[in-house]
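In my numbering, the protein residues as written are 53 to 332.
Notes follow once the structure below has been shown.
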């Protein structure tokens, strides 16, 4: 089981619920790093001052903000004076209908697990939210930054979804298109939509580009189109690059079917539910 990334409590009214937070998603993109084409050596970047050309140690690096041709330099001590909400509290601000939150606002999702002795209060909030058909708008401090978020019920768990602030959403920047549409054209478009309609199951979709990249890498490994990893000290244990890459590819292949099976099982479970559970 993955380690929790945050521990704290949900606070609404006089009720406090201890919870632990886990990321609900994982990035499956194939990650590359830059190398020297001639020998495979890693490309490294140094922190260099543009004025004197000297490399700057991390402890001498501050944060800067440009204003009217001048740079404001901020130190860690400056940020300590900024008031923040309690660092380990998910503070409920209000309860709203979920439909009122535009999907454009949503960012990242997290599972919330009840802490020790908090199961009853956790279930109480979960059932109350489901019965009211509402979500909780909350504020929480994550990574030294205050976040606006939504607390909602998902598959009998409480989930936290971070959302953007209103001023972070751009206006389209172009006029709304207008054109005259004939009734027959609208009927034909409606018929096409009806023909292509289905129940959404995320397990039905795969990242074809990622799979193609993985096959490309596997083909190069099989064809001995690799170079030894540089920097291995003499006498040190040498890892077989080909075997390591093959093992990585096999693990990716095993993870993908398991992920699909889990998603389909969840979808079937949801379809069997006639109605959400309610507190008695």
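We put the CB at the ideal spot given by N, CA and C, even for glycine.
Bear in mind that the values here come from a model prediction, so they are computed numbers and not experimental data.
Residue environment, residue i, which counts as buried when at least 16 other CB atoms sit within 10 Å
{"i": "residue 291", "result": "Any reading at residue 291 must be qualified, since the residue scores a pLDDT of 46, below 50, and its modelled position is unreliable; no value is offered."}
{"i": "residue 73", "result": "buried"}
{"i": "residue 223", "result": "exposed"}
{"i": "residue 166", "result": "buried"}
{"i": "residue 176", "result": "exposed"}
{"i": "residue 125", "result": "exposed"}
{"i": "residue 244", "result": "exposed"}
{"i": "residue 261", "result": "exposed"}
{"i": "residue 62", "result": "buried"}
{"i": "residue 202", "result": "buried"}
{"i": "residue 174", "result": "buried"}
{"i": "residue 187", "result": "buried"}
{"i": "residue 78", "result": "exposed"}
{"i": "residue 50", "result": "Within the shown structure, residues of the chain are numbered from 53 to 332, placing residue 50 beyond reach of any answer."}
{"i": "residue 164", "result": "buried"}
{"i": "residue 113", "result": "exposed"}
{"i": "residue 80", "result": "exposed"}
Residue i vs residue j beta-carbon contact at 8 Å
{"i": "residue 60", "j": "residue 141", "result": "yes"}
{"i": "residue 234", "j": "residue 205", "result": "no"}
{"i": "residue 191", "j": "residue 145", "result": "yes"}
{"i": "residue 189", "j": "residue 148", "result": "yes"}
{"i": "residue 82", "j": "residue 266", "result": "yes"}
{"i": "residue 211", "j": "residue 58", "result": "no"}
Neighbourhood of residue i by C-beta, 7 Å cutoff - its chain only, sequence neighbours within 5 removed
{"i": "residue 217", "result": "200"}
{"i": "residue 87", "result": "93, 94 and 95"}
{"i": "residue 46", "result": "Residue coverage of the chain in this structure runs from 53 to 332, which leaves residue 46 outside it and unanswerable."}
{"i": "residue 328", "result": "In this prediction, residue 328 has a pLDDT of 48, which is less than 50 and means its spatial position is unreliable; what the coordinates show is noted afterwards. For residue 328, where only same-chain residues beyond five positions count, the Cβ hits under 7 Å are 182."}
{"i": "residue 132", "result": "none"}
Span separating the alpha-carbon of residue i from that of residue j
{"i": "residue 162", "j": "residue 231", "result": "43 Å"}
{"i": "residue 287", "j": "residue 275", "result": "For residue 287, the pLDDT reaches just 39, beneath the cut-off of 50, and the residue's location in the model is therefore unreliable, although a value from the coordinates is still provided. About 28 Å."}
{"i": "residue 107", "j": "residue 139", "result": "35 Å"}
{"i": "residue 110", "j": "residue 182", "result": "48 Å"}
{"i": "residue 130", "j": "residue 198", "result": "16 Å"}
{"i": "residue 65", "j": "residue 169", "result": "19 Å"}
{"i": "residue 91", "j": "residue 264", "result": "25 Å"}
{"i": "residue 136", "j": "residue 229", "result": "43 Å"}
{"i": "residue 220", "j": "residue 67", "result": "32 Å"}
{"i": "residue 103", "j": "residue 119", "result": "19 Å"}
{"i": "residue 134", "j": "residue 159", "result": "25 Å"}
{"i": "residue 226", "j": "residue 75", "result": "36 Å"}
{"i": "residue 121", "j": "residue 246", "result": "57 Å"}
{"i": "residue 257", "j": "residue 123", "result": "48 Å"}
{"i": "residue 238", "j": "residue 259", "result": "33 Å"}
{"i": "residue 151", "j": "residue 248", "result": "25 Å"}
{"i": "residue 85", "j": "residue 302", "result": "21 Å"}
{"i": "residue 155", "j": "residue 277", "result": "45 Å"}
{"i": "residue 185", "j": "residue 143", "result": "19 Å"}
{"i": "residue 240", "j": "residue 172", "result": "53 Å"}
{"i": "residue 252", "j": "residue 281", "result": "44 Å"}
{"i": "residue 127", "j": "residue 153", "result": "36 Å"}
{"i": "residue 338", "j": "residue 209", "result": "Because the chain here runs from 53 to 332, residue 338 falls outside it and cannot be looked at."}
Beta-carbon contacts of residue i that lie in its chain and below 8 Å, excluding the five residues immediately before and after
{"i": "residue 289", "result": "Note that residue 289 scores 45 on pLDDT, short of 50, meaning its location in the model is unreliable and no value can be drawn from it."}
{"i": "residue 56", "result": "72, 73, 74 and 165"}
{"i": "residue 236", "result": "none"}
{"i": "residue 272", "result": "278"}
Residue i: CB within 7 Å of a non-hydrogen atom of the ligand MG
{"i": "residue 185", "result": "Among the components of this structure there are no ligands whatsoever, and the ligand MG is therefore not found."}
Cutoff 6 Å; reference residue i; Cβ partners in own chain excluding five residues on either side
{"i": "residue 157", "result": "215 and 216"}
{"i": "residue 285", "result": "Because the pLDDT at residue 285 is just 48, under 50, the model does not fix this residue reliably, and the value given afterwards should be weighed accordingly. For residue 285, where only same-chain residues beyond five positions count, there are no Cβ hits under 6 Å."}
{"i": "residue 279", "result": "92"}
{"i": "residue 70", "result": "61, 167 and 170"}
{"i": "residue 98", "result": "107"}
{"i": "residue 207", "result": "none"}
*Fully enclosed by the stretch 172 to 232, which beta strand (DSSP E) runs are 3 residues long or longer?*
The stretch 172 to 232 contains, as complete beta strand (DSSP E) runs of 3+ residues, the segments 187 to 194, 197 to 206 and 209 to 215 (chain order).
*May I have a chain-ordered list of the beta strand (DSSP E) segments no shorter than 3 residues that lie completely inside the stretch 115 to 147?*
Runs of the beta strand (DSSP E) inside the stretch 115 to 147: 115 to 119 and 122 to 126.
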